[in-house]
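A short write-up of the structure that comes next.
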Amino acid sequence: GDSVTQKEGLVTLTEGLPVMLNCTYQTIYSNAFLFWYVHYLNESPRLLLKSSTDNKRTEHQGFHATLHKSSSSFHLQKSSAQLSDSALYYCALRNNYAQGLTFGLGTRVSVFP
Amino acid sequence: GPKVLQIPSHQIIDMGQMVTLNCDPVSNHLYFYWYKQILGQQMEFLVNFYNGKVMEKSKLFKDQFSVERPDGSYFTLKIQPTALEDSAVYFCASSFRLGGYAEQFFGPGTRLTVL
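In the order they appear, the protein sequences are chains A and B. Going by the working numbering, the first sequence wraps up at 124, each residue one higher than the last. Going by the working numbering, the second sequence wraps up at 120, each residue one higher than the last.
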């Protein structure tokens with residue numbers, strides 16, 4: 012079946028520095044729709060951004076990601092981390108036949124002053 | 006933004022008992038989902054529900070699980086009987102569209118502990 016790998020379990024960084032969270036995926040299907048969800052403590056996971064066509068960058072709230080089908084990747088980046096970015100980030104995949112999302116384990120981001 | 010509510014936030018029950026988890030989806034959404042997240046593991050899809058029927062379910066959706074949404078009330082997940090391995094956080098989600106880039110809106114989860 013489908014799978015999503017987020018290799019970093021925890022990322023700690025200083026405010027103002029860039030951040031990149033890795034996400035790679037596997038699916039046998041031709042179309043892959045990728046999503047980044049952010050989950051703040053005691054809140055609901057919410058969509059941060061979603062993929063577009065191959066090699067096209069998508070942006071939202073200062074974050075950006077580009078779907079690269081050649082490397083099956085959808086890494087999340089931000090040029091300057093803020094204290095409020097401290098949260099759990101999930102990468103998720105849907106193929107063109109399924110309705111359910113396949114999630115990665117998540118990456119916890121802690122931003123310090 | 007649109008909110009999905011889940012009741013209760015925590016539930017503790019004895020193994021073998023029945024439990025019902027309640028979800029109040031976004032009001033105009035048509036598609037409903039349940040996911041299960043065991044501590045330290047990824048969130049996993051259980052079931053997708055539309056127009057009174059299960060559309061898709063995973064291997065995790067055991068025979069002891071059932072879902073319904075009677076007459077636009079809560080979307081519920083019932084587990085009868087419960088087992089120790091059912092202890093997890095259960096997330097409800099809803100969406101207006103299906104497939105592709107359709108966004109699923111998640112609730113805050115119900116933490117279920119089976120003793």
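C-beta atoms are modelled at their ideal positions from N, C-alpha and C, and glycine is treated no differently.
Check                                                                                                                             : Outcome
is_contact[V72(B), chain A] using C-beta, thresh 8 Å                                                                              : no
Sequence-distant residues of the same chain with beta carbon closer than 8 Å to G105(B), five excluded per side                   : none
CB of T23(A) within 8 Å of CB of S91(A), strictly                                                                                 : no
Within 8 Å, strictly: CB atoms of V15(A) and C102(A)                                                                              : yes
Contacts around H71(A), its chain only, beta-carbon distance under 7 Å, and the 5 residues preceding and following it disregarded : L59, L60
Helix, strand or coil at D68(B) according to DSSP, with G and I counted as helix                                                  : coil
Anticipated Cβ contact below 8 Å, T81(B) with C28(B), distance rounded                                                            : 7 Å
Bridge partners - E73(B), DSSP secondary structure assignment                                                                     : T81(B)
Counterpart residues of C102(A) in DSSP-defined beta bridges                                                                      : W47(A)
CB contact check: N56(B) to chain A, cutoff 8 Å                                                                                   : no
The region 52 to 66 of chain A: positions lying closer than 9 Å to chain B by Cβ                                                  : N53, E54, S55, P56, R57, L58, K61, S62, S63
Partner residues on chain A for N53(B), Cβ-Cβ distance less than 8 Å                                                              : Q110, G111
Residues near S84(A) in its chain [Cβ-Cβ closer than 6 Å; skip 5 each side]                                                       : T35
Paired residues, beta bridge with V24(B) - DSSP                                                                                   : I84(B)
Span of the beta strand (DSSP E) around H79(A)                                                                                    : Unbroken run through H79(A): none, as it is neither H nor E.
Local Cβ density within 10 Å of L44(B), reported as buried at 16 or more and exposed below that                                   : exposed
Reduced DSSP secondary structure (H/G/I, E/B, other) of L89(B)                                                                    : helix
Touch test, the region 108 to 124 of chain A against the region 53 to 66 of chain B, Cβ-Cβ under 8 Å, three pairs minimum         : yes
Below-8 Å beta-carbon distance, F114(A) vs any chain B residue                                                                    : yes
Near-chain B residues of the region 27 to 54 of chain A - C-beta to any C-beta below 9 Å                                          : N42, F44, F46, Y48, H50, N53, E54
Local conformation of S63(B) per DSSP, three classes                                                                              : coil
S121(A) in three-state terms, based on DSSP                                                                                       : strand
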